[in-house]
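Contents: one structure, followed by commentary.
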Amino acid sequence: MQHTHPVIDPELLRGAAAQAVGVLKLLANEDRLLLLCQLSQGERCVSELEDELSIRQPTLSQQLGVLRNEGVVDTRRQGKNIYYSVADPAMLEILAVLYRLYCPENPQDPESPEGEI
Numbered sequence: 002m003q004h005t006h007p008v009i010d011p012e013l014l015r016g017a018a019a020q021a022v023g024v025l026k027l028l029a030n031e032d033r034l035l036l037l038c039q040l041s042q043g044e045r046c047v048s049e050l051e052d053e054l055s056i057r058q059p060t061l062s063q064q065l066g067v068l069r070n071e072g073v074v075d076t077r078r079q080g081k082n083i084y085y086s087v088a089d090p091a092m093l094e095i096l097a098v099l100y101r102l103y104c105p106e107n108p109q110d111p112e113s114p115e116g117e118i
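Printed below as a string of structure tokens:
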């Protein structure tokens with residue numbers, strides 16, 4: 002099977018290169034990548050993220066701060082809790098591509114041949 006690759010115009014990318022590099026730098030941290038993957042499933046508070054990802058609270062807060070400062074996540078306060086969600090729809094698309102490329106044998110993916118029982 003021959004793969005077809007999209008046509009990429011380097012001149013068009015030149016204008017967006019700095020923005021693309023910024024996004025890739027954000028995703029180049031394992032904790033931030035895992036946080037965004039978890040948040041792609043819906044809004045979470047810090048304690049939920051800590052339990053689900055086993056990332057210690059100081060590290061979690063630091064990385065959430067980076068994501069918040071870059072405008073990648075939104076926050077809302079409810080009582081004592083701050084809830085985080087993915088703010089940038091483009092980030093969800095990038096995460097979906099990474100997931101498809103690096104998690105091809107996902108048993109929960111109905112389109113995955115290995116997922117059939």
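Residue numbers for the sequence shown follow this note's numbering, so the first one is 2 and each next one is one higher. Glycine included, each C-beta is placed from N, C-alpha and C at the ideal position.
Going residue by residue through the stretch 60-117, where are the continuous beta strand (DSSP E) segments of at least 3 residues, counting only ones entirely within it?
74-79, 82-87
Tell me the residue span of the alpha helix (DSSP H) that contains VAL8.
Where VAL8 is concerned, there is no enclosing alpha helix (DSSP H), given that its DSSP letter is neither H nor E.
Could you name each continuous beta strand (DSSP E) segment of 3 residues or more that falls completely within the stretch 23-64, going from the start of the chain to the end?
For the stretch 23-64, there is no continuous beta strand (DSSP E) assignment of 3+ residues that stays within its boundaries.
Report back the beta-carbon spacing between ASP75 and SER62 to the nearest angstrom; my notes put them in contact at under 8 Å.
With 8 Å as the limit, ASP75 and SER62 do not qualify as a contact, their Cβ atoms being about 16 Å apart.
Top-ranked residue by Cα proximity to LEU35, from GLY16, GLU106, MET92
MET92
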